[in-house]
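Protein sequences appear in the order of chains V and W. Okay, so the first sequence: first residue is 1 according to full-length UniProt numbering, each after it adds one. Okay, so the second sequence: first residue is 1 according to full-length UniProt numbering, each after it adds one. Working notes, beginning with the structure itself.
2 protein chains.
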Amino acid sequence: MTRPVEIRESPTARDRAYDGIRAGLLQGTFPPGSFIEEALACEVTGVSRTPVREALNRLAAEGFLDLHPRRGAMVKPLTGTELRDLHEVRLMVESHAVRRICREARPVPALLSDLCDQHEAVSADNLLACVDLNRRFHQAIVAAAGNTVLVQVFDNLQANLMRMSMLSLQSGLGKTARIEAEHRGLVAALQTHDEAAALALLDRHLQPLPQLFRGLPGQGPVPG
Amino acid sequence: MTRPVEIRESPTARDRAYDGIRAGLLQGTFPPGSFIEEALACEVTGVSRTPVREALNRLAAEGFLDLHPRRGAMVKPLTGTELRDLHEVRLMVESHAVRRICREARPVPALLSDLCDQHEAVSADNLLACVDLNRRFHQAIVAAAGNTVLVQVFDNLQANLMRMSMLSLQSGLGKTARIEAEHRGLVAALQTHDEAAALALLDRHLQPLPQLFRGLPGQGPVPG
DNA sequence: TGTGGTCTTATTGTATACACGAAGTAGACT
DNA sequence: AGTCTACTTCGTGTATACAATAAGACCACA
Numbered sequence: 001m002t003r004p005v006e007i008r009e010s011p012t013a014r015d016r017a018y019d020g021i022r023a024g025l026l027q028g029t030f031p032p033g034s035f036i037e038e039a040l041a042c043e044v045t046g047v048s049r050t051p052v053r054e055a056l057n058r059l060a061a062e063g064f065l066d067l068h069p070r071r072g073a074m075v076k077p078l079t080g081t082e083l084r085d086l087h088e089v090r091l092m093v094e095s096h097a098v099r100r101i102c103r104e105a106r107p108v109p110a111l112l113s114d115l116c117d118q119h120e121a122v123s124a125d126n127l128l129a130c131v132d133l134n135r136r137f138h139q140a141i142v143a144a145a146g147n148t149v150l151v152q153v154f155d156n157l158q159a160n161l162m163r164m165s166m167l168s169l170q171s172g173l174g175k176t177a178r179i180e181a182e183h184r185g186l187v188a189a190l191q192t193h194d195e196a197a198a199l200a201l202l203d204r205h206l207q208p209l210p211q212l213f214r215g216l217p218g219q220g221p222v223p224g
Numbered sequence: 001m002t003r004p005v006e007i008r009e010s011p012t013a014r015d016r017a018y019d020g021i022r023a024g025l026l027q028g029t030f031p032p033g034s035f036i037e038e039a040l041a042c043e044v045t046g047v048s049r050t051p052v053r054e055a056l057n058r059l060a061a062e063g064f065l066d067l068h069p070r071r072g073a074m075v076k077p078l079t080g081t082e083l084r085d086l087h088e089v090r091l092m093v094e095s096h097a098v099r100r101i102c103r104e105a106r107p108v109p110a111l112l113s114d115l116c117d118q119h120e121a122v123s124a125d126n127l128l129a130c131v132d133l134n135r136r137f138h139q140a141i142v143a144a145a146g147n148t149v150l151v152q153v154f155d156n157l158q159a160n161l162m163r164m165s166m167l168s169l170q171s172g173l174g175k176t177a178r179i180e181a182e183h184r185g186l187v188a189a190l191q192t193h194d195e196a197a198a199l200a201l202l203d204r205h206l207q208p209l210p211q212l213f214r215g216l217p218g219q220g221p222v223p224g
């Protein structure tokens with residue numbers, strides 16, 4: 001039985017470059033603080049400099065990289081304060097979405113339950129897959145609010161949210177079983193449009209994350 | 001007496017292309033719904049296709065353009081629903097910033113008053129300047145909240161916010177004198193960390209904007 | 001031995017040539 | 001006369017060559 005989700009590589013060179021570099025960023029092939037030279041990225045992804053540059057620009061716009069003119073692309077180190085700020089904003093966005101869904105009694109897409117099922121099926125040590133399913137779940141909640149701009153805003157956070165999610169799983173803070181259970185609870189609350197319960201569940205679901213950066217000096221980058 | 005702020009054109013070709021195309025987008029040289037061909041953009045900005053492509057990619061990431069593969073860059077038409085969504089999100093972000101400033105009793109930067117002064121000094125029919133000052137004012141408020149991620153999120157909205165601001169001024173809804181007065185009131189409330197007053201003023205300040213898209217069918221693009 | 005300057009080299013910024021694909025048009029056949 | 005097909009043309013996608021700049025190393029001089 002082949003896996004239902006085939007990772008077919010994109011036909012365009014730019015997307016291949018983007019996928020390759022982003023995977024390297026998430027998996028630590030390109031460590032935070034280091035510079036990614038275009039020639040190296042070309043070797044890794046197998047395309048020429050033009051699509052590589054476009055991919056680097058996109059990754060910079062998404063917050064993975066800092067572009068230094070005439071210097072290159074530095075892998076942006078995630079600092080404690082940045083994680084804290086990121087968490088605050090994601091909570092603001094998702095809470096807003098939850099409120100809108102409940103108050104307007106919007107239908108909850110079946111996709112949410114599907115993603116929970118997939119989450120249950122996937123192996124717990126497949127970190128990349130878990131991170132991706134988690135991302136799609138929260139993305140679907142925001143999308144269910146029916147505000148395209150809000151979705152776009154949330155998408156712009158995805159880069160660093162995925163890194164934070166990766167850190168959480170690697171540190172052992174996030175257990176996929178618990179995460180999946182909490183996701184199901186959240187879906188149930190949304191389906192009954194119970195705003196208070198949904199907000200509480202969301203808050204509780206994201207509660208462990210601040211432990212990642214609590215006690216950090218703030219400026220220091222997070223190891224890993 | 002020369003102006004203190006020289007608009008020196010950027011030394012890099014990419015930024016010249018970006019500035020040129022963006023100005024054209026805001027001023028209507030490239031009408032919504034039309035396609036911008038790279039060759040045309042090259043002629044207008046005087047640089048070659050490479051920096052033009054980078055500029056187009058950036059503008060697409062900022063929400064000005066929709067990139068159709070193998071088709072080109074379409075100037076994204078602002079629909080009624082999009083304006084409504086945008087307004088909802090910007091209110092969410094700025095309200096969050098105001099709350100943080102007041103609750104944490106953060107210092108209010110002098111830049112805010114400076115911008116009010118500049119707003120008072122500038123000619124009311126210089127639409128581009130007014131839009132830019134307005135943008136910088138609201139940006140400064142978000143920045144004063146001290147959350148870098150929130151600032152980044154707000155920056156990502158700027159493209160369409162500026163278009164909305166332009167529409168508001170052109171339609172006569174926004175009077176620069178009133179805007180400037182409300183800005184000063186908001187600054188005063190923030191300085192005393194009066195959360196309720198600041199939130200009310202912010203809400204009132206942004207109140208006229210929904211008139212831009214109220215009554216619109218939603219799907220239809222906004223004229224102008 | 002330390003410091004300053006210059007030269008080299010490596011890497012980014014830009015331009016352009018080529019490839020691929022899509023869309024429009026014209027012609028032929030039904 | 002209408003429709004389908006093939007060809008042409010135009011525009012994007014990609015690769016590569018060239019230009020400019022900044023960093024680093026090496027040498028000379030104090």
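Built from N, CA and C at the ideal position, the CB exists for glycine as well.
| field | Short CB-CB distance (under 8 Å) between Gln139 (chain V) and chain W | value | In terms of beta-carbon proximity, Gln139 (chain V) stays away from the interface with chain W, with every pair separated by 8 Å or more.
| query | Taking the continuous beta strand (DSSP E) assigned at His68 (chain V), which residues delimit it? | reply | 65-68
| Would you report the Cα separation of Gly63 (chain W) and Leu161 (chain W), rounded to the nearest angstrom? | 10 Å
| field | Ser165 (chain W) classed as buried or exposed, judged by whether at least 16 other C-beta atoms fall within 10 angstroms | value | Looking at its Cβ environment, which holds 16 or more other Cβ atoms inside 10 Å, Ser165 (chain W) is buried.
| request: Flag this pair as yes or no: are the beta carbons of Arg58 (chain W) and Asn57 (chain V) separated by less than 8 Å? | output: yes
| task | Identify whether Val75 (chain W) lies in helix, strand or coil by the three-state DSSP scheme. | result | strand
| task | Would you identify the three-state DSSP class for Phe30 (chain W), choosing helix, strand or coil? | result | coil
| request: Measuring only between beta-carbons, confirm whether Val153 (chain V) sits less than 8 Å from chain W. | output: yes
| said: Distance cutoff 8 Å, beta carbons only. Does Glu6 (chain W) sit that close to anything in chain V? | reply: Reliability of the predicted coordinates at Glu6 (chain W) is poor, the pLDDT of 36 falling under 50, and the value obtained from them is presented with this limitation in mind. Taking Cβ atoms only, chain V never reaches closer than 8 Å to Glu6 (chain W), which makes this a no.
| query | For Arg58 (chain V), which residues in chain W fall below 8 Å Cβ to Cβ? | reply | Asn57, Ala61
| query | Is it true that the CB of Ile141 (chain W) sits closer than 8 Å to the CB of Arg94 (chain W)? | reply | Strictly speaking, residue 94 (chain W) in this sequence is Glu, with Arg absent from that position. Going by C-beta atoms, Glu94 (chain W) is nearer than 8 Å to Ile141 (chain W).
| Per DSSP, which one or two residues make a beta bridge with Phe154 (chain V)? | Paired residues: none, contrary to the question.
| task | Report the neighbours of Leu161 (chain W) on chain V: residues whose CB is nearer than 9 Å to its CB, in chain order. | result | None at all; the shortest Cβ gap to chain V is about 10 Å.
| task | Below 8 Å on the Cβ atoms is my guess for Asn147 (chain W) versus Ile179 (chain W); work out the distance and round it to an integer in Å. | result | Approximately 25 Å separates the beta-carbon atoms of Asn147 (chain W) and Ile179 (chain W); this is outside 8 Å, ruling out the contact.
| request: Return the chain-ordered ranges of every alpha helix (DSSP H) run that is complete within the region 103-131 of chain V and spans a minimum of 4 residues. | output: 111-121
| message | Run through chain W and tell me which residues come within less than 8 Å of Leu86 (chain V), C-beta to C-beta. | response | Val149
| Applying a beta-carbon distance threshold of less than 7 Å, which residues of chain V neighbour Asn156 (chain W)? | Val153, Asn156
| Pick from V:Ala97, V:Ala23, V:Gln170: whose alpha carbon is nearest that of Ala55 (chain V)? | V:Ala23
| query | Apart from the five residues on each side of it in sequence, which residues of its chain come closer than 6 Å, Cβ to Cβ, to Phe213 (chain V)? | reply | Gly80, Leu83, Arg84
| Separation of Ser168 (chain V) from Val44 (chain W), as counted between CA atoms | 49 Å
| query | Which residue's Cα is closest to the Cα of Leu202 (chain V): V:Leu128, V:Arg99, V:Ala17, V:Ser10? | reply | With distances taken between Cα atoms, Leu202 (chain V) lies closest to V:Arg99.
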